[in-house]
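Q: Below you will find the structure I want to go over with you.
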Amino acid sequence: MSNSGTTSENFANIILCGFMGTGKSTIGRIVASRLGWQFVDTDQVIETRQGRTIREIFEGTGEDAFRQLETDLCKELATWTNHVVATGGGIVLRPENRDLLRQAGMVICLEASAEEIFRRLQHATNRPLLSSPDPQQRIRELLEARAEAYGSLPYHLNTAGCKPSDTANLVIRLWKSRSRKHP
């Protein structure tokens with residue numbers, strides 16, 4: 013667990029970022045349940061609002077249009093409280109989104125190696141960015157391309173080799189240690 017924050021803040025929400033397959037949704041649901049908060053997956057919100065899957069949005073209007081939908085949702089997050097939010101893996105590509113997420117709550121980047129991510133996602137059919145002849149190489153390329161954006165996030169937890177429930181405990185402990193909001 014690493015962090016660059018040293019002061020206590022009023023974190024109204026916990027926002028889990030990171031590459032696909034790092035456990036954001038699984039861990040987010042556990043954290044929300046343990047805190048008695050609401051769980052929200054930004055990709056699911058976008059799919060519901062658009063009436064299309066992420067793949068259909070990518071294929072129909074392109075990645076830029078999808079990224080704008082993410083930005084619009086990031087603007088809403090600052091008005092929410094008591095939510096655990098699992099973001100799409102690329103939401104932090106726009107600096108504006110990173111700033112908006114920081115305003116909305118504690119931003120934690122979940123991490124895993126390219127090999128671990130591939131192992132977790134190798135049978136997934138709903139990941140448009142992995143539509144490639146060599147998905148493992150594509151994962152490495154995307155991780156490298158996103159390294160600076162992920163690295164700029166304030167808190168980091170590596171999920172490799174950890175049970176989701178244990179990582180959820182770490183998230184809660186980190187939130188309690190850094191937030192003035194908890195009881």
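Counting in our numbering, the sequence shown runs from 13 upward without gaps.
The beta carbon of each residue, even a glycine, is placed where N, CA and C say it ideally should be.
Given Gly100, which residues of its chain have a CB within under 7 Å of its CB, disregarding the five upstream and five downstream residues?
A: Only Thr54, Asp55 and Glu82 meet the Cβ criterion.
Q: Go to Phe51, then tell me how far its beta strand (DSSP E) extends in each direction, as first and last residue.
A: Unbroken beta strand (DSSP E) run through Phe51: Gln50 to Asp53.
Q: What is the residue span of the beta strand (DSSP E) that Cys121 lies within?
A: Where Cys121 is concerned, the enclosing beta strand (DSSP E) stretches over Met118 to Glu123.
Q: With a CB to CB cut of under 6 Å and the five nearest residues on each side skipped, what residues in its chain are close to Cys121?
A: Hits under 6 Å: Cys29, Gly30, Tyr162, Leu165 and His168.
Q: Return the residue from the list Ile26, Glu160 and Val43 that minimises the CA-CA distance to Pro107.
A: With distances taken between Cα atoms, Pro107 lies closest to Glu160.
Q: Would you mind reading off the limits of the beta strand (DSSP E) that contains Ile26?
A: First-last of the beta strand (DSSP E) with Ile26: Ile26 to Gly30.
Q: To test your reading of the DSSP string, which unbroken beta strand (DSSP E) runs of 3 or more residues are found completely within the segment 144–171?
A: Counting whole runs of 3 or more residues, the segment 144–171 contains the beta strand (DSSP E) stretches 167–170.
Q: When DSSP labels each residue in this structure, what does Ala180 get in the three-state scheme?
A: Three-state result, Ala180: helix.
Q: Pull up the DSSP beta-bridge partners for Val197, would you.
A: The first residue shown for the chain is 13 and the last is 195, placing residue 197 beyond what the model contains.
Q: Using only the alpha-carbon positions, how far apart do Arg64 and Ile39 sit?
A: Each residue's alpha carbon lies about 25 Å from the other.
Q: Measure the C-alpha to C-alpha separation of Glu75 and Thr179 and round it to an integer number of angstroms.
A: So the alpha carbons of these two residues sit roughly 31 Å apart.
Q: Between the alpha carbons of Ser191 and Pro145, how many angstroms are there, rounded?
A: The straight-line gap from Cα to Cα measures roughly 44 Å.
Q: Does the Cβ-Cβ distance between Thr93 and Asn25 come in under 8 Å?
A: Cβ atoms of Thr93 and Asn25: closer than 8 Å.
Q: Going by DSSP, what residues sit across from Ser191 in a beta bridge?
A: Answer is Glu21.
Q: Going by DSSP in three states, Arg61 sits in which element: helix, strand or coil?
A: Looking at Arg61 - three-state DSSP - the assignment turns out to be helix.
Q: Under 7 Å Cβ to Cβ from Ile42, same chain only, skipping five residues before and after it: list those, please.
A: Excluding residues within five positions, the ones whose Cβ falls inside 7 Å are Pro176, Ser177 and Ala180.
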